[in-house]
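Per my numbering, the very first residue in the sequence shown carries number -18; after that it's consecutive.
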Amino acid sequence: MTQQSVATSDKLDAAVLKVAGVVVLGAIMSILDVTVVSVALPRFQIEFDASYARVAWTMTAYTLALATVIPLSGWAADRFGTKRLYMVALALFTIGSGLCATADSIGELIGYRVLQGLGGGMLMPLGMTIMTRAAGPHRIGRLMAVLGIPMLLGPIGGPILGGWLIDTASWHWIFLINLPIGVVALVYAQLALPKDAPEPSESFDFLGMLMLSPGLALFLYGVSSLPEAGTFTEAKVWAPMLVGAALVVAFVLYSFKPRHPLLDLRLFANRNLAIASATLFVFIIAFMGAGLLFPSYFLQVRGETTLAAGLLMAPQGIGAMITMPIAGTLADRVPIGRTVPFALALIVAGFFSFTQVDPQTSYWLLGGSLFVMGLGMGGTMMPIMTSALRTLQASDVARGSTLVNILQQIGGSIGAAVMSVILTNELNGSRPVPGLVGPNGEPATEAGLAIAAQQNPQLAQQVEPSLIERGLAFAASSFGTTFWVAFALVLATFIPAALLPRRRQPAQSGDDRPAELATAAAVVH
């Protein structure tokens, strides 16, 4: 394929789609794993005789590993080549999955999840870099629509697959299923990805790494400890958050001095990247935080099984599958400042129903609302990421995608922690049940007892029906209050979204940039 054909062709040809297939397969493993494990937490409590706060670290450890390794991926991609690094990431993730299935204790499982996260943390930023270079920035909208496939399959298929595997086999299979996929992905990557031609080595920013990676990990550790502590005043919350934030701030001040910093914040001088990143960050906090609450409402308030809760969430993914390919095509032709606000309006319209939930809210209403939200999500997330990267030079794409992925991880962690704390505090406000003590040694509440009765038919027979009714009403109200907070954050996304470009921005490719174009062409070859 010639350089000219890369620049002029708007269609995604077979060579580009072959490369995209490798990236999508790796992303499916990484994203699906997060949602599959989330539904397995109650089973981990039983299998390992551990508290929910303890088993939740199987999720937190994975996120901390992601945050630690993502800043390194931009430099490592330039130094070692994207193909080599991507295959190393696939291997780490696959080996970590196999080890997780052999865990005999919750401590071992948490440790193995760290290894998984070290591989998974590099898959998404490297995948975005590989795909963007392969097709050129002028087709990045279509590519982001392709990369959006695993982002849709994760929320749809994760809870369904996890529930089915746990119910019919055992929890080990939520990890074992990654082994054949990982082997296929490694062989496919070896055959499909072009040979690496890494650029001359840049000096590694060790001082930046000593500030940024531990800083992000400590900050997210404190944030992740918030749901268990319930308040910012606990030392295990504020101390790591304070130290982590100080290290991150120190890195920000330092990062403008070296020529090649670990994380190139100078890229934010690109207005498109800065505005799109701000929009994405606020959106992720709101939507990803609330996204964890949707299945919890079906499980805890409505008493549905894990598999049923996963199926009830499917309309959201179906809606996004409809609009995401359309949004990807439009992102290459229409300024996203003209399309994203309409997509956000769909999310707001669908979201409002969840602020009104009660124990008998119609599933037709909630399913329809999730479908409308999905339509909006398909027209929001990928176009924003497209805007963030399309005006970067090819040589900056790896570091730009690293910035975007770090913001996603931080935003998702903050959103999940904030929503969990609000919901927990709301539920704790329920009326105590005289004579009963909860698992944490504090008096049991009507809401807590009603939720437990929903999951345990024998307990439900021993509890007065009126108490369950009052408890579920209070629990539903607690979810509604938490959804109001998320709803307000979605509305806040309109503020940075109003600054998104309303005129078409030229992609960083063309005859006046032969070097960057040659890089894109070389990857396709």
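C-beta: ideal position from N, C-alpha, C; glycine also. What you are looking at is a predicted structure, and each value in this text was computed from that prediction instead of being measured.
Residue i, buried or exposed, once every other Cβ within 10 Å from all chains shown has been counted against 16
{"i": "Q435", "result": "buried"}
{"i": "G298", "result": "buried"}
{"i": "G88", "result": "exposed"}
{"i": "W152", "result": "buried"}
{"i": "P340", "result": "buried"}
{"i": "L172", "result": "exposed"}
{"i": "A324", "result": "buried"}
{"i": "I27", "result": "exposed"}
{"i": "I432", "result": "buried"}
{"i": "F460", "result": "buried"}
{"i": "V0", "result": "buried"}
{"i": "L311", "result": "buried"}
{"i": "F187", "result": "exposed"}
{"i": "L510", "result": "Within the shown structure, residues of the chain are numbered from -18 to 506, placing residue 510 beyond reach of any answer."}
{"i": "E427", "result": "buried"}
{"i": "T41", "result": "buried"}
{"i": "T212", "result": "exposed"}
{"i": "Y43", "result": "buried"}
Sequence-distant residues of its chain with Cβ nearer than 8 Å to residue i (five each side left out)
{"i": "F332", "result": "A271, S350, M354, F464, A467, F468, V471"}
{"i": "V36", "result": "L22, F25, Q26, F29, I87"}
{"i": "M400", "result": "G270, A271, L273, L274, T463, V466, A467"}
{"i": "G225", "result": "P195, G196, L197, A198, L199, F200, L201, Y202, G203"}
{"i": "P296", "result": "G348, G349, L351, F352, G355"}
{"i": "T(-11)", "result": "Summary for T(-11): the model assigns pLDDT 43, below 50, so the residue's position carries little reliability; its value from the coordinates is reported in the next sentence. Counting only Cβ-Cβ distances below 8 Å, and skipping sequence neighbours, we find nothing."}
Spatial neighbours of residue i in its chain, beta-carbon cut-off 7 Å, leaving aside the 5 residues before and after
{"i": "S(-14)", "result": "Note on S(-14): pLDDT 43, under 50, position unreliable in the model; the coordinate value appears next. Nothing listed; no residue qualifies."}
{"i": "F232", "result": "G189, M192, L193, G196"}
{"i": "D492", "result": "Confidence at D492 is low in this model, with a pLDDT of 35, below 50, so the placement of that residue should be treated as unreliable; the coordinate-derived value is given next. Excluding sequence neighbours, D492 sits near nothing in its chain."}
{"i": "V444", "result": "L430, A434"}
Close beta carbons around residue i, own chain, < 6 Å, minus the five adjacent residues each side
{"i": "A166", "result": "L6, G7, L71"}
{"i": "L246", "result": "S236"}
{"i": "V218", "result": "G203, S206, L207, A210"}
{"i": "A48", "result": "L197, A198, L201, Q390"}
{"i": "A259", "result": "P477"}
{"i": "L146", "result": "W154, I155"}
Contact check, residue i vs residue j, beta carbons under 8 Å
{"i": "A290", "j": "P52", "result": "no"}
{"i": "G359", "j": "T320", "result": "no"}
{"i": "L480", "j": "I256", "result": "yes"}
{"i": "F249", "j": "L388", "result": "no"}
{"i": "F29", "j": "C81", "result": "no"}
{"i": "L45", "j": "L288", "result": "no"}
{"i": "A308", "j": "P221", "result": "no"}
{"i": "P482", "j": "G318", "result": "yes"}
{"i": "G357", "j": "L327", "result": "yes"}
{"i": "G144", "j": "T16", "result": "no"}
{"i": "S54", "j": "L107", "result": "yes"}
{"i": "V164", "j": "T75", "result": "yes"}
{"i": "A267", "j": "G396", "result": "yes"}
{"i": "A170", "j": "V50", "result": "no"}
{"i": "V329", "j": "Y278", "result": "no"}
{"i": "G138", "j": "L13", "result": "yes"}
{"i": "L282", "j": "L453", "result": "Checking the sequence shown, residue 282 turns out to be Val, not Leu. It is a contact, given that the beta carbons lie within the stated cut-off."}
For residue i, the first and last residue of its enclosing alpha helix (DSSP H)
{"i": "E450", "result": "446 to 473"}
{"i": "K217", "result": "216 to 235"}
{"i": "R252", "result": "252 to 272"}
{"i": "T16", "result": "-5 to 19"}
{"i": "K64", "result": "63 to 82"}
{"i": "L347", "result": "344 to 359"}
{"i": "G163", "result": "159 to 173"}
{"i": "F249", "result": "First-last for F249: undefined, no H or E at that position."}
{"i": "R24", "result": "22 to 29"}
{"i": "T287", "result": "287 to 293"}
{"i": "I317", "result": "Note, I317: premise wrong, no alpha helix (DSSP H); not H, not E."}
Member of the options whose CA lies at the smallest distance from the CA of residue i
{"i": "M105", "options": "A456, G284, I395, G381", "result": "G381"}
{"i": "G284", "options": "V338, P239, P438, L13", "result": "P438"}
{"i": "R484", "options": "N253, G396, A301", "result": "N253"}
{"i": "T63", "options": "S258, K176, G2, L47", "result": "K176"}
{"i": "A456", "options": "L274, A397, Q442", "result": "L274"}
{"i": "L243", "options": "L384, V282, F61", "result": "L384"}
{"i": "H241", "options": "F279, A198, F185", "result": "F185"}
{"i": "D20", "options": "M302, V3, M294, I265", "result": "The residue you asked about is not Asp; residue 20 is Val in the sequence shown. Checked all of M302, V3, M294, I265; the closest Cα to V20 is M294."}
{"i": "S11", "options": "I403, I162, V(-3)", "result": "I162"}
{"i": "N251", "options": "S368, V3, T342", "result": "S368"}
{"i": "S78", "options": "A397, T342, W154, L292", "result": "W154"}
{"i": "L174", "options": "R114, W145, A267", "result": "R114"}
{"i": "A31", "options": "N409, D85, L99", "result": "D85"}
{"i": "W38", "options": "S394, P316, P276, S258", "result": "S394"}
{"i": "F264", "options": "T361, D59, P316", "result": "T361"}
{"i": "P413", "options": "R451, G392, N386", "result": "R451"}
{"i": "I449", "options": "T474, G101, S411, V229", "result": "S411"}
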